[in-house]
Amino acid sequence: MSEHYYAVIMAGGTGTRLWPLSRKRRPKQALRLIGDRTMFQHAVDRLAPLFPPERILVVTGEE
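At the far end of the sequence shown sits residue 422, using my numbering, and the numbering has no gaps.
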């Protein structure tokens, strides 16, 4: 993969459609919906074979 490419995980949002599972203290990215890993961990797992860790960026909201 080119050294100019980055992977971006968009982890913002309030998760209102997943309420009551997702709340302010437990955002949807931190939920374990499939197995024992969070949604965030699953996203990183899918990107890891394609990008080194320093080329995986996480974008979140202000809150």
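All C-beta atoms, glycine included, are put in the ideal place defined by N, C-alpha and C.
- Rounded to the nearest whole angstrom, the CA to CA distance from H363 to E413 is 12 Å.
- Burial state of M398 is buried, judged by a 10 Å Cβ sphere holding 16 or more other Cβ atoms.
- The Cβ-Cβ distance between A366 and V418 does not fall below 8 Å.
- Secondary structure of A407 (DSSP, three-state): coil.
- With a 10 Å radius around the Cβ and a threshold of 16 neighbouring Cβ atoms, P408 comes out exposed.
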